[in-house]
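Undergrad: Residue numbering for the sequence shown follows my numbering, beginning at 4 and increasing consecutively.
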Amino acid sequence: MPARETEAIILKTFSLGEADRLVSFFGRTSGRMRGVAAGARRIQNRYGSTLEILSHVQVWYFEKETRDLVRIQQCELLESFHKSQSDYELSTGLAVVSEVAEQVLPEHETAEAMFRLLLLTVREIERTGAWQLPLSYFAFWTVRLGGYLPQFDRCASCGAWFGAQSAFHAPWESGLFCEKCRRGGMRPLPLEGRQLAEWFAGQKLDKIERLPAILQAAAGLRQAGLNWIEHHTEKPLATRRLLESA
């Protein structure tokens with residue numbers, strides 16, 4: 004059986020046995036898959052730095068219908084993000100992106116828009132040396148592409164218009180709520196954050212300036228987006244806790 008080939012983004016790796024690695028990767032033409040990279044844990048191996056988190060690679064693999072895991076034959080580095088991968092704070096931001104992708108992407112389903120979003124996000128973290136704005140953009144677009152972005156102008160409970168007032172969100176709810184309908188533990192999403200969402204919808208990430216007012220609005224929008232992702236996947240993001248304490 005000939006090896007299959009795809010452009011891919013490495014999502015996560017795990018130790019397997021004494022010398023191998025279990026690799027989760029998101030292929031442009033294959034979707035999210037898991038495979039074994041034999042000998043990848045040895046000091047001298049043919050994979051080199053290609054299996055670092057969110058590396059952009061070309062991967063060749065063998066797949067059998069009777070097995071869940073593919074066998075990775077070769078992996079060639081297309082784009083390295085060494086600065087982000089080697090910096091603790093930036094790598095924590097990358098870890099959130101990786102975990103979100105792992106949770107929201109179904110196996111073996113292609114998703115061109117998500118592939119481009121992942122690559123754009125990681126490139127911006129690497130280029131700017133900051134995760135705050137790229138992660139906010141990534142969280143917003145993940146929710147939007149997933150089809151569970153709530154209404155930003157009215158309360159999900161009573162239907163009242165927010166106007167210039169803050170809306171409120173939480174991981175256990177799928178929508179935004181007004182001051183009257185909010186419950187304890189909910190976080191505010193001010194008007195500026197909701198306006199930034201409209202801007203995100205029509206603007207490329209690399210064209211958005213990192214101004215203080217934008218970064219402040221992005222923080223609130225990021226929290227809301229991650230809350231909706233947790234609600235949709237019914238699983239808290241472990242790396243989010245690390246990010247908030249970094």
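Glycine included, every Cβ here is placed at the ideal spot set by N, Cα and C.
Within the same chain, show all residues whose beta-carbon is closer than 6 Å to that of GLN226, passing over the 5 residues directly before and after it, in chain order.
TA: Taking the sequence shown and counting its residues from 1, the one referred to as residue 226 is at position 223. Once the five neighbours on either side are set aside, the close Cβ partners of GLN226 are ARG190.
Undergrad: Is it true that the segment 157-176 meets the segment 125-144, where meeting means three or more beta-carbon pairs spaced less than 8 Å apart?
TA: No: the two stretches stay apart, fewer than three of their Cβ pairs being nearer than 8 Å.
Undergrad: Return helix, strand or coil for GLY231, following the three-state DSSP convention.
TA: Residue 231 sits at position 228 when you count from the first residue of the sequence shown. Inspection of the sequence shows that residue 231 is occupied by Trp rather than by Gly. Helix, per DSSP.
Undergrad: Output yes or no for whether 8 Å exceeds the beta carbon distance between ARG243 and LEU136.
TA: Within the sequence shown, numbered from 1, the residue matching residue 243 stands at position 240. Within the sequence shown, numbered from 1, the residue matching residue 136 stands at position 133. Their beta carbons are not under 8 Å apart, which means ARG243 does not touch LEU136 by this criterion.
Undergrad: Classify HIS85: buried if its beta carbon has 16 or more other beta carbons within 10 angstroms, exposed otherwise.
TA: The residue you call residue 85 lines up with position 82 of the sequence shown. Looking at its Cβ environment, which holds fewer than 16 other Cβ atoms inside 10 Å, HIS85 is exposed.
Undergrad: Taking Cβ to Cβ, would you say HIS111 is nearer than 8 Å to PRO174?
TA: By one-based count along the sequence shown, residue 111 stands at place 108. By one-based count along the sequence shown, residue 174 stands at place 171. No.
Undergrad: Considering only residues of the same chain and omitting the five flanking positions on each side of GLY42, which have a CB-CB separation below 7 Å?
TA: For the purposes of this step, residue 42 is identified with residue 39 of the sequence shown, where counting begins at 1. Taken in chain order, the residues that qualify are ALA22, ASP23 and ASN48.
Undergrad: Taking the straight line between their C-alpha atoms, what separation do you get for PHE28 and GLU102?
TA: Residue mapping note: residue 28 aligns to position 25 of the sequence shown, counting from 1. Residue mapping note: residue 102 aligns to position 99 of the sequence shown, counting from 1. Answer to the nearest angstrom: the Cα atoms are 12 Å apart.
Undergrad: With C-beta atoms as the reference, is GLU82 less than 8 Å away from HIS59?
TA: Looking up residue 82 in the sequence shown gives position 79. Looking up residue 59 in the sequence shown gives position 56. A contact, by the Cβ cut-off of 8 Å.
Undergrad: Less than 8 Å between the CB atoms is what I'm expecting for ARG7 and TYR64, so what's the real figure, rounded?
TA: Locating residue 7 in the sequence shown gives position 4, where the first residue counts as 1. Locating residue 64 in the sequence shown gives position 61, where the first residue counts as 1. 6 Å between Cβ atoms; contact.
Undergrad: Using a 10 Å radius around the Cβ and a threshold of 16 neighbouring Cβ atoms, would you call ALA114 buried or exposed?
TA: Position 111 of the sequence shown, counted from the start, is the residue given in the question as residue 114. Buried.
Undergrad: Name the residue from VAL62, TYR91 and GLY38 whose alpha carbon lies nearest to the alpha carbon of ASP71.
TA: The residue given as residue 71 occupies position 68 in the sequence shown. Per the Cα distances, GLY38.
Undergrad: Between PHE143 and CYS158, which are expected to be in contact by the criterion C-beta below 8 Å, what is the C-beta distance as a whole number of angstroms?
TA: On the sequence shown, position 140 is the one that residue 143 refers to. On the sequence shown, position 155 is the one that residue 158 refers to. With a Cβ gap of about 20 Å, PHE143 and CYS158 do not count as contacting.
Undergrad: Whose CA, out of THR16, THR9 and LEU229, lies closest to the CA of VAL99?
TA: The residue given as residue 99 occupies position 96 in the sequence shown. Considering only alpha carbons, the answer is LEU229.
Undergrad: State the Cα-Cα distance for the pair GLN1 and TYR151, rounded to the nearest angstrom.
TA: The structure shown does not extend to residue 1, since the chain is modelled only from 4 to 249, so the question has no answer here.
Undergrad: With distances taken Cα to Cα, identify the nearest neighbour of ALA40 among GLY34, VAL26 and THR32.
TA: By 1-based counting over the sequence shown, the position of residue 40 is 37. Minimum Cα distance to ALA40 is reached at VAL26.
Undergrad: Between which two residues does the alpha helix (DSSP H) holding PHE84 run?
TA: Working through the sequence shown from its first residue, we reach residue 84 at position 81. Unbroken run through PHE84: none, as it is neither H nor E.
Undergrad: Quick one: grab the DSSP three-state call for GLU112.
TA: In the sequence shown, the residue the question calls residue 112 occupies position 109. Residue state, collapsed to three classes: coil.
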